[in-house]
Each structure stands twice: as C-alpha cells, then as structure tokens.
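Peer 1: Numbering (our numbering), first residue to last: 314 to 593.
Don't be surprised by glycine CBs; every beta carbon is placed ideally from N, CA and C.
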C-alpha cells in the first residue's frame, strides 16, 4: 500500500504509513500546550480515580504525554501503560519517558487488547475512537480488561460542532464539511455516553469542553486548514476561486483581528459493576 499524504483528519488512522510523520508529532506536541487540552485531560485522568499500586491503560497514547501523568498517581508499585498502533510515535514516547517509574509503551491493535480480563483499575481513550474501524469493539475491550469497580473514560470530538470564524458562510461550510467528513467516525463525541451505557457500566457521566485554536498558525496546526482548503478545491472545482478568496481573507484577518476555530470535546465514562460477571 502506498504512503498517505499526511492529512491529519484521516492520516491518524495509520500514522506510520504517511509521508511525513513529523507533521503528526508537531500537531500532538502543539495540542499538548493548549490550555483547553490541559483542562479536559486533567478531568479525564481525575475521573479514573487511580491510587497507589493500580494499573492504568491509555489507549491510542500517541507520544505518550498522559502515561507518566497516570504513573505518578499509581506509584510506587503501580503501572501505567500506553498502547498505540504507531511504532514511530511510540519510539518517540519511549525516548521521552524512558526514565519514568512504572511507565511502559506497547504497540498493538486496541480492537483486540492482548491483556487479561479484569486486570486493570483504570482505562482511558482520548481522541482515538474518531479514527478507529469499530469504536464499539474498542469500548467493549476496555470494559473486558477493566476490573470490577474500575473506571473507564473516553474523550472524543464531535465534528458537527466544528466552527471557523469567517464571513462567507457558504465557503466556510464547504471547508468545514471537507475537514469533518474526512474522519472515520466524525460524530463519535455525541455517541459516547450511550455507547458506554450499552456496555452495562454504572455511575455513568458526560461533560463537554471546547477545544479552541486562536490564530491562523494554531488553526492550521490543529485543524490542517491549508490542506483542507486544497482538498475542498479538488472536491468542489466550481468553487475553487471562491475558496482561494476565502483563504486570502483569513490571512488578512489574522494580521489584524485574528482567526479562531473550535470543536466540542465530549467526555464520558463509567464504572464497571462490582457484581458483574466478566466476559472471558
């Protein structure tokens, strides 16, 4: 299979098969510094209710930023494991966090976790279900490996909530549809709570957070704006000139008033029933 072109919306499905993996790393590193990311990530980890000696999993861990955060909560004596399909991202994670106590990284398919049932105390997945083949299978696997009484947390965007500040609504909507429609599961955010509940978890909950990028550089880094414009022109040739004019307008606006774009991140989770018979 040939290399993909490095478009963020669909390229995260198979990072290692992209022409420019550094682009994906740059996006993840930039996101990690955003205050809005820090806020919801902190909440998602708190909701795991981890304690000393526990075992925690982070599915689709990418560059591994959250794995040592969880390790600090379970140390000493606990383990925090990051799992991802990308060996290249995991190589970077191992280099960055090799000296952290209780931290490890494993390459694998999160649809089929090679982990015993009832073996982890807390498990989370963050902005990964939007890319996977079968999100319900992943959630089912999360529940399977979770110990009775343990907690599960999912965090995902809903791309129907994606907005960009611009004057030409017709072109803006075209650009938004091009980006949002490129995800495997663009509406997974709104579905999280019912999907979690369908697995029989108790004490379920949900919250919403806004992921906002301020400035054209930030919008492009997070939402791949320039590549999205190129795709929109290819898919809507009759609007090519209007789309060019729209982008030029965004550049001019950024020089004076600024450009923003945002999407809602949904968090949902629950607790595995203490009395529930676990699937083998």
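(1) Within 8 Å, do at least three Cβ pairs link the region 318 to 335 to the region 355 to 367?
(2) Rounded to the nearest angstrom, what separates residue 370 and residue 557 at their Cα positions?
(3) What is the DSSP secondary structure of residue 403, counted as helix, strand or coil?
(4) Unbroken alpha helix (DSSP H) runs of length 4 or more, entirely within the region 411 to 494: which are they?
(5) Among 441, 480, 429, 440, which one has its Cα closest to the Cα of residue 460?
(6) Which residues mark the beginning and the end of the beta strand (DSSP E) in which residue 374 is found?
(7) Please tell me whether residue 448 and residue 524 are closer than 8 Å, where the distance is taken between their beta carbons.
(8) Just curious, the alpha helix (DSSP H) that residue 397 is in, first and last residue?
(9) Residues bridged to residue 577 by DSSP?
(10) With distances taken between CB atoms, is the gap from residue 487 to residue 552 smaller than 8 Å?
(11) Note down the Cα distance separating residue 466 from residue 436, rounded to an integer number of angstroms.
(12) By alpha-carbon positions, which one of 372, 353, 533, 446 ends up nearest to residue 403?
(13) Hey, out of 528, 342, 512, whose CA is closest to residue 451's CA?
(14) Taking three-plus beta-carbon pairs below 8 Å as touching, is the region 574 to 583 in contact with the region 501 to 512?
(15) Out of 555, 563, 393, 546, which has the shortest C-alpha to C-alpha gap to residue 531?
(16) Would you say residue 495 and residue 322 are within 8 Å of each other, going by their C-beta atoms?
(17) Taking CB distances under 8 Å as the criterion, tell me whether residue 538 reaches chain B.
(18) Contact defined as beta carbons within less than 8 Å: I believe residue 343 pairs with residue 577. What is the distance between those atoms, to the nearest angstrom?
(19) In the structure shown, what three-state DSSP assignment does residue 517 receive?
(20) Between which residues of its own chain and residue 401 is the CB-CB distance below 8 Å, once the five residues before and five after are set aside?
(21) Nearest-angstrom Cα distance between residue 320 and residue 587?
(22) On a Cα-Cα basis, can you pick out the residue from 518, 543, 478 that is closest to residue 570?
(23) Helix, strand or coil, according to DSSP, for residue 583 in the structure here?
(24) Which of the three DSSP states, helix, strand or coil, is assigned to residue 549?
(25) Considering only residues of the same chain and omitting the five flanking positions on each side of residue 510, which have a CB-CB separation below 6 Å?
(26) Mind checking who residue 498 pairs with in its DSSP beta bridge?
(27) Leaving aside the five residues before and after residue 527 along the sequence, list all residues of the same chain whose C-beta is less than 6 Å from its C-beta, in chain order.
(28) Going by DSSP, name the residue or residues bridged to residue 561.
(29) Is it buried or exposed for residue 346, if we count other Cβ within 10 angstroms and need 16 for buried?
(30) Going by beta carbon distance, what residues of the same chain come within less than 6 Å of residue 415, once the five residues before and after it are set aside?
Peer 2: In short:
(1) no
(2) 44 Å
(3) helix
(4) 448 to 458, 482 to 493
(5) 429
(6) Run containing residue 374: none; DSSP gives neither H nor E here.
(7) no
(8) No alpha helix (DSSP H) contains residue 397, which is instead part of the beta strand (DSSP E) from 392 to 397.
(9) 471, 523
(10) yes
(11) 6 Å
(12) 372
(13) 512
(14) yes
(15) 563
(16) yes
(17) Here there is only one protein chain, and chain B is not present.
(18) At roughly 19 Å, the Cβ-Cβ gap does not stay under 8 Å, so residue 343 and residue 577 are not in contact.
(19) strand
(20) 328, 329, 334
(21) 43 Å
(22) 478
(23) strand
(24) coil
(25) 517
(26) Looking at the DSSP assignment, residue 498 forms no beta bridge with any residue, so it has no partner.
(27) 573
(28) Beta-bridge pairing links residue 561 to no other residue.
(29) exposed
(30) 384, 388, 391, 392, 393
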